[in-house]
Amino acid sequence: MDETNKQQMKNIRTAVENLQICNHQEEPPGLADVYGFIKFSGEKCGTTTRHSQYIRLSVATKAETIVKFMYNGWNLPKPDIIISITGGAKNDGMPEQVRKIFQMGLVSAASRANAWLITSGTNAGVVEKVGEAINYCRYNNRKNALDIPCIGIASWGYIAENEQLDNKPIRSLVNVTNTRSIRSFSKRFQHQAIEYISMDNDDRNYIRDYNVKSNKQGECYLEPNHTHFLLIDDGQKNANTVFQLRAAIEKCSRNANLANTANDAVKSLIPIVMVLVEGGTSAILTICEALKCDTPVVVIKNSGRAADLVAKLHACLSDGEIGNDGVGSAHSTRSQTGIARNLQEKIDKIMNEAQIEGFHNVKNDLRETLYKCKHLITIFDFDSKRHRGNFEDVFLESLLKARRNLGTSNEQHSLARELILAIVWHKFNYAEKYHLTDTTISKWASNEDDRRRALVEALYHGQTDWVKLLIELGISLENLTKADLERLYKKSTSNQLPIENAETNIKSIKLRYYSYYFHWNDGNTNNSNDSQQLNDSTRLGESAPLDLFLWAVFFDRFELAIYLCSRIWNIPLALLFGAHIYRRAAKIRQPKDTDIQKQCNKHADQFDTGAASIIKLCFDDDEQFALDLLQRSDITFKNLTPLELAKDAECKSFLASKCVQRHLDNIWYGCINHKREAINFKIFFIIFLGLFSFVLLVDYFPLNIYNESRSGYENLLIPITEIILHVCVWSLIVEEIYQILSAQSSKVYISSKWNMLDILAIILYLIGFITRFIVLETTFIISKKVTFF
Numbered sequence: 006m007d008e009t010n011k012q013q014m015k016n017i018r019t020a021v022e023n024l025q026i027c028n029h030q031e032e033p034p035g036l037a038d039v040y041g042f043i044k045f046s047g048e049k050c051g052t053t054t055r056h057s058q059y060i061r062l063s064v065a066t067k068a069e070t071i072v073k074f075m076y077n078g079w080n081l082p083k084p085d086i087i088i089s090i091t092g093g094a095k096n097d098g099m100p101e102q103v104r105k106i107f108q109m110g111l112v113s114a115a116s117r118a119n120a121w122l123i124t125s126g127t128n129a130g131v132v133e134k135v136g137e138a139i140n141y142c143r144y145n146n147r148k149n150a151l152d153i154p155c156i157g158i159a160s161w162g163y164i165a166e167n168e169q170l171d172n173k174p175i176r177s178l179v180n181v182t183n184t185r186s187i188r189s190f191s192k193r194f195q196h197q198a199i200e201y202i203s204m205d206n207d208d209r210n211y212i213r214d215y216n217v218k219s220n221k222q223g224e225c226y227l228e229p230n231h232t233h234f235l236l237i238d239d240g241q242k243n244a245n246t247v248f249q250l251r252a253a254i255e256k257c258s259r260n261a262n263l264a265n266t267a268n269d270a271v272k273s274l275i276p277i278v279m280v281l282v283e284g285g286t287s288a289i290l291t292i293c294e295a296l297k298c299d300t301p302v303v304v305i306k307n308s309g310r311a312a313d314l315v316a317k318l319h320a321c322l323s324d325g326e327i328g329n330d331g332v333g334s335a336h337s338t339r340s341q342t343g344i345a346r347n348l349q350e351k352i353d354k355i356m357n358e359a360q361i362e363g364f365h366n367v368k369n370d371l372r373e374t375l376y377k378c379k380h381l382i383t384i385f386d387f388d389s390k391r392h393r394g395n396f397e398d399v400f401l402e403s404l405l406k407a408r409r410n411l412g413t414s415n416e417q418h419s420l421a422r423e424l425i426l427a428i429v430w431h432k433f434n435y436a437e438k439y440h441l442t443d444t445t446i447s448k449w450a451s452n453e454d455d456r457r458r459a460l461v462e463a464l465y466h467g468q469t470d471w472v473k474l475l476i477e478l479g480i481s482l483e484n485l486t487k488a489d490l491e492r493l494y495k496k497s498t499s500n501q502l503p504i505e506n507a508e509t510n511i512k513s514i515k516l517r518y519y520s521y522y523f524h525w526n527d528g529n530t531n532n533s534n535d536s537q538q539l540n541d542s543t544r545l546g547e548s549a550p551l552d553l554f555l556w557a558v559f560f561d562r563f564e565l566a567i568y569l570c571s572r573i574w575n576i577p578l579a580l581l582f583g584a585h586i587y588r589r590a591a592k593i594r595q596p597k598d599t600d601i602q603k604q605c606n607k608h609a610d611q612f613d614t615g616a617a618s619i620i621k622l623c624f625d626d627d628e629q630f631a632l633d634l635l636q637r638s639d640i641t642f643k644n645l646t647p648l649e650l651a652k653d654a655e656c657k658s659f660l661a662s663k664c665v666q667r668h669l670d671n672i673w674y675g676c677i678n679h680k681r682e683a684i685n686f687k688i689f690f691i692i693f694l695g696l697f698s699f700v701l702l703v704d705y706f707p708l709n710i711y712n713e714s715r716s717g718y719e720n721l722l723i724p725i726t727e728i729i730l731h732v733c734v735w736s737l738i739v740e741e742i743y744q745i746l747s748a749q750s751s752k753v754y755i756s757s758k759w760n761m762l763d764i765l766a767i768i769l770y771l772i773g774f775i776t777r778f779i780v781l782e783t784t785f786i787i788s789k790k791v792t793f794f
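Numbering-wise, our numbering comes out as the position in the sequence shown, counting from 1, plus 5.
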């Protein structure tokens with residue numbers, strides 16, 4: 006027996022003692038002592054290898070006590086919805102197509118919504134089909150349905166071969182202070198010094214082998230795919246005796262405060278829905294008790310017997326609703342009386358045609374219940390265009406109808422939980438149409454805790470549309486607490502990024518990620534207590550967008566990470582951070598995970614491209630600001646600069662951007678003011694053109710061979726202005742020669758039209774320059790014309 010199961014047994018023992026759960030029909034009564042784990046075997050079990058927990062308790066046990074035991078003893082998580090299933094115990098009453106849609110749709114909805122499934126727990130009919138669906142998802146789709154709590158509430162006497170579960174008491178007690186037998190139910194029992202005999206020697210005290218065979222008349226085996234069983238002992242061998250207690254348990258299970266140690270000021274209800282599939286008289290009794298407890302019921306139409314009967318009766322009652330037609334009172338009264346009589350005749354006809362064994366015993370109860378509670382019934386037709394075979398839609402519709410008709414005082418809490426279901430089921434359009442009206446928003450907005458929880462659920466499920474909508478409704482990311490962030494990290498998913506050789510001394514999952522990917526160490530946080538972190542109500546404040554962005558990257562919520570990044574002031578740095586994380590995650594994946602490696606590298610490249618695009622926009626708008634941004638460190642990002650992150654993350658697009666290249670040029674050549682350089686070139690060009698025009702038009706004379714005065718100097722061959730002009734032109738010629746020599750090839754140089762124009766201009770200048778120094782009138786004229794040209 007492993008340590009986990011041993012600790013679980015101690016928790017159960019403690020819960021039994023604290024809650025004073027009675028034993029089964031013993032005199033004098035004592036504490037319940039028949040509980041443990043069931044190991045199923047037999048040909049009817051399929052591939053089931055897991056152990057189920059169970060407890061045998063008295064029918065006199067209060068429903069509230071049982072629910073507290075489920076939380077405290079079994080440590081069941083608080084659900085977002087409770088789905089109760091009831092139906093027939095026969096295997097041939099449901100069409101094959103309906104069965105398949107029912108199985109897959111139900112388990113899919115339950116797994117995505119953190120639900121509890123409650124059934125009769127027997128291995129027959131509809132419950133058996135539910136178990137098969139859970140087993141299929143558990144071993145073939147581990148991502149979704151591995152740990153759906155499926156609770157069977159059954160009669161102990163009706164369970165076949167229950168003696169396999171009724172072994173000797175699990176505990177052996179030795180009273181250290183006195184040797185008297187401890188069988189008293191008094192409070193003294195809890196305060197005596199009790200010593201448990203070692204549980205290592207005999208695993209049979211914990212695990213009970215239960216061989217499942219074919220069912221016999223009057224008894225039924227337990228369904229092996231359930232996770233927990235409440236076996237109610239009323240001293241009878243009748244499955245119908247636990248209906249009232251089951252309905253009471255389901256009603257008490259809705260009280261979310263029972264999962265807490267302290268009572269909240271406002272009672273918060275968990276949504277619950279009962280599903281009727283096929284069924285006989287037992288199923289009819291079950292839904293009647295549920296409806297009396299204000300539990301909405303979804304009826305699967307065309308599944309057979311009781312379900313089809315209730316669907317017909319509900320349609321008849323809905324079509325026959327009596328209203329005011331606006332005529333005289335006497336005539337109106339007679340008209341309503343006639344409608345009521347016709348309605349009664351139709352109902353009687355439908356009931357008389359029902360082919361359900363023993364139906365006459367429950368006919369009146371069903372009729373009365375439907376009259377009072379028809380507003381709690383929703384008909385689910387797989388072929389209907391309204392629901393399109395989707396369980397999530399019909400569940401939301403059923404809860405919406407129940408909330409509108411019951412008008413509970415805590416309607417805002419019910420609405421919040423329905424919104425959470427809409428979030429996890431991805432029903433954005435449905436919720437926007439039916440739940441988020443002006444009236445409901447004003448009611449819901451008054452409770453900060455509900456608003457925060459809805460936002461946390463939207464973040465966890467990666468619902469970017471929901472996150473945007475909730476923020477638009479006034480829910481701020483900054484109002485989330487450190488406890489909310491820690492819960493997001495504790496909700497593990499199958500696609501979260503890995504941590505290689507994680508430091509086990511760091512209890513916080515968030516700090517493990519920070520330590521591995523960034524080598525961040527927040528001092529003594531390594532020794533912080535998990536429970537303290539989960540109860541930390543400190544607001545995230547301004548760091549919320551960054552904290553949530555990093556969480557979204559670590560848990561591979563890529564689209565959500567993109568949106569959260571847009572709410573961070575330094576977007577390029579955040580994107581490079583994301584690229585760094587994905588790039589490192591891709592490197593530590595095992596070789597067989599090539600697809601995941603490609604996905605991580607793809608996300609890193611997308612972050613890289615995004616950062617490059619943003620820095621390009623900054624560079625085009627304000628070059629100096631963009632260059633400063635490259636070198637600016639941020640204390641929020643542990644004083645790292647974009648260039649450092651881009652280098653570590655191998656962000657090629659970012660490093661190849663114009664901004665980064667200009668930064669590198671500045672480092673290599675020095676800081677050159679390119680704008681000033683352009684202005685200087687324009688000034689030089691204007692001066693050169695002015696000088697050129699002045700020389701040719703005013704100061705261009707034949708060569709001074711007669712010792713005349715030029716520019717105020719004698720014996721000067723040409724004017725000083727012309728000398729300056731020739732120096733400028735020859736500097737341009739030297740630059741062009743350098744370009745020719747540095748070109749890759751002559752073809753590359755000649756391919757440029759501008760280069761050819763430069764060569765032509767140089768040739769003309771050289772002709773003019775040479776002829777300038779030939780003392781002939783003709784050559785002087787040629788020189789001046791060529792130079793002008």
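Even for Gly, the Cβ is constructed at its ideal location relative to N, Cα and C.
All of these numbers come straight from a predicted model, not from anything done at the bench.
Handout entry: residue 44: first and last residue of the uninterrupted beta strand (DSSP E) it sits in
Key = 40-46 is the extent of the beta strand (DSSP E) around residue 44.
Practice task
Round the Cβ separation of residue 767 and residue 741 to the nearest angstrom and send it over; I've been treating them as touching at under 8 Å.
Solution key: That pair is a contact at about 6 Å.
Practice task
Just the C-alpha distance for residue 242 and residue 221, rounded to the nearest angstrom, thanks.
Solution key: Going by C-alpha positions, residue 242 is about 13 Å away from residue 221.
Practice task
Report the residue from 783, 231, 246 whose alpha carbon sits nearest the alpha carbon of residue 238.
Solution key: The shortest C-alpha to C-alpha distance from residue 238 to any of 783, 231, 246 is the one to 246.
Practice task
Go through its chain and collect everything with a Cβ distance to residue 162's Cβ below 6 Å, but skip five positions before and after it.
Solution key: Within the same chain, 241, 242 come within 6 Å of residue 162 by CB-CB distance, once the 5 residues on both sides are set aside.
Practice task
Take the Cβ of residue 711 as the centre, count every other Cβ of all protein chains shown within 10 Å, and call the residue buried at 16 or more, exposed below.
Solution key: Result: exposed.
Problem - Spatially closest choice to residue 402 from 370, 374, 435, by CA coordinates - result: Distance check between residue 402 and each of 370, 374, 435 places 435 closest, using alpha-carbon atoms only.
Exercise for the section: To the nearest angstrom, report how far apart residue 649 and residue 658 are at their CA atoms. Expected result: Linking residue 649 to residue 658 through their CA atoms gives a straight-line distance of about 14 Å.
Exercise for the section: Could you check which residue in 475, 123, 352 has the C-alpha nearest to that of residue 231? Expected result: Ranking the options by Cα distance to residue 231, first place goes to 123.
Practice task
Could you tell me whether the segment 657-674 touches the segment 630-643, using the rule of 3 or more Cβ pairs below 8 Å?
Solution key: Touching, yes.
Exercise for the section: Specify the secondary structure class of residue 109 as computed by DSSP and reduced to three states. Expected result: DSSP places residue 109 in helix when its eight states are reduced to three.
Problem - Uninterrupted alpha helix (DSSP H) stretches inside the segment 258-307 (no shorter than 4 residues) - result: Taken in chain order, the unbroken stretches of alpha helix (DSSP H) that lie wholly in the segment 258-307 and span 4 residues or more are 286-297.
Problem - 4 or more residues per run - each alpha helix (DSSP H) lying fully within the segment 463-502 - result: When DSSP assignments are scanned along the segment 463-502, the uninterrupted stretches of alpha helix (DSSP H) that are 4 or more residues long and fall wholly within it turn out to be 469-477, 487-495.
Practice task
On the DSSP bridge assignment, give the partners of residue 639 in chain order.
Solution key: When DSSP reads this structure, residue 639 sits in a beta bridge with 645.
Problem - First through last residue of the alpha helix (DSSP H) which encompasses residue 737 - result: For residue 737, the enclosing alpha helix (DSSP H) starts and ends at 725-747.
Exercise for the section: Quick one: using the 10 Å Cβ neighbour count with 16 as the cut-off for buried, is residue 495 buried or exposed? Expected result: That one is exposed.
Exercise for the section: Buried or exposed for residue 376, please, with buried defined as at least 16 other CB atoms from any protein chain shown within 10 angstroms of its CB. Expected result: By the 10 Å Cβ count, residue 376 comes out exposed.
Practice task
Give every residue of the same chain whose Cβ lies closer than 7 Å to the Cβ of residue 763, excluding the five residues on either side of it in the sequence, and list them in chain order.
Solution key: Correct list, in chain order: 741.
Problem - Contact under 8 Å by Cβ, residue 295 with residue 116 - result: Their beta carbons are not under 8 Å apart, which means residue 295 does not touch residue 116 by this criterion.
Practice task
Please classify residue 10: does DSSP put it in a helix, a strand, or coil?
Solution key: Residue state, collapsed to three classes: helix.
Practice task
For residue 330, count neighbouring C-beta atoms within 10 Å of its own C-beta (all shown protein chains included) and say buried if the count is 16 or more, exposed if not.
Solution key: Since pLDDT at residue 330 reaches only 42, below the 50 mark, its modelled position is unreliable, and the value read off the structure follows with that caveat. Residue 330 should be labelled exposed.
Exercise for the section: Determine the direct distance from the alpha carbon of residue 465 to that of residue 358, and round the result to whole angstroms. Expected result: For residue 358 and residue 465, the gap between their C-alpha atoms comes out near 51 Å.
Practice task
Note down the Cα distance separating residue 197 from residue 25, rounded to an integer number of angstroms.
Solution key: Residue placement at residue 197 cannot be trusted, given a pLDDT of 35 that sits under 50; what the coordinates show is reported in the next sentence. Whole-angstrom Cα-Cα distance: 15 Å.
Handout entry: Proximity below 8 Å, CB of residue 613 to CB of residue 584
Key = Using a Cβ distance threshold of 8 Å, residue 613 and residue 584 count as a contacting pair.
Exercise for the section: For the beta strand (DSSP E) holding residue 59, just list the boundary residues, first then last. Expected result: If you look at residue 59, you'll find it in the beta strand (DSSP E) that goes 57-63.
Problem - Beta-carbon proximity list for residue 754, same chain, < 8 Å, skipping 5 on both sides - result: 744, 745, 748, 760.
Exercise for the section: Could you spell out where the alpha helix (DSSP H) holding residue 26 opens and where it closes? Expected result: Going by DSSP, residue 26 is part of no alpha helix (DSSP H) at all; its letter is neither H nor E.
Problem - residue 315 to residue 289 span [Cα, whole Å] - result: In a straight line, the C-alpha of residue 315 is about 9 Å away from that of residue 289.
Practice task
Look at the alpha carbon of residue 17 and the alpha carbon of residue 455, and state the distance between them as a whole number of angstroms.
Solution key: Near 31 Å, if we compare the C-alpha coordinates of residue 455 and residue 17.
Exercise for the section: Measure from the alpha carbon of residue 841 to the alpha carbon of each residue in 578, 652, 643, 611, then state which is nearest. Expected result: As displayed, the chain neither begins before 6 nor continues past 794, which places residue 841 out of reach and without an answer.
Problem - Inter-residue spacing [alpha-carbon to alpha-carbon] between residue 389 and residue 562 - result: Taking the straight line joining both Cα atoms gives about 34 Å.
Handout entry: First and last residue of the uninterrupted alpha helix (DSSP H) at residue 361
Key = No alpha helix (DSSP H) holds residue 361; DSSP gives it neither H nor E.
Handout entry: Cα-Cα separation between residue 617 and residue 581, rounded to whole angstroms
Key = Cα-Cα distance, rounded: 9 Å.
Problem - Distance between residue 381 and residue 40 (C-alpha atoms, nearest Å) - result: Rounded to the nearest whole angstrom, the CA to CA distance from residue 40 to residue 381 is 36 Å.
Problem - Ordered list of alpha helix (DSSP H) runs contained in the segment 382-432, each at least 4 residues - result: Complete alpha helix (DSSP H) runs here, min 4: 396-411, 416-429.
Handout entry: Buried or exposed (CB count within 10 angstroms, at least 16 for buried), residue 500
Key = By the neighbour-count rule (16 or more Cβ atoms within 10 Å), residue 500 is not buried but exposed.
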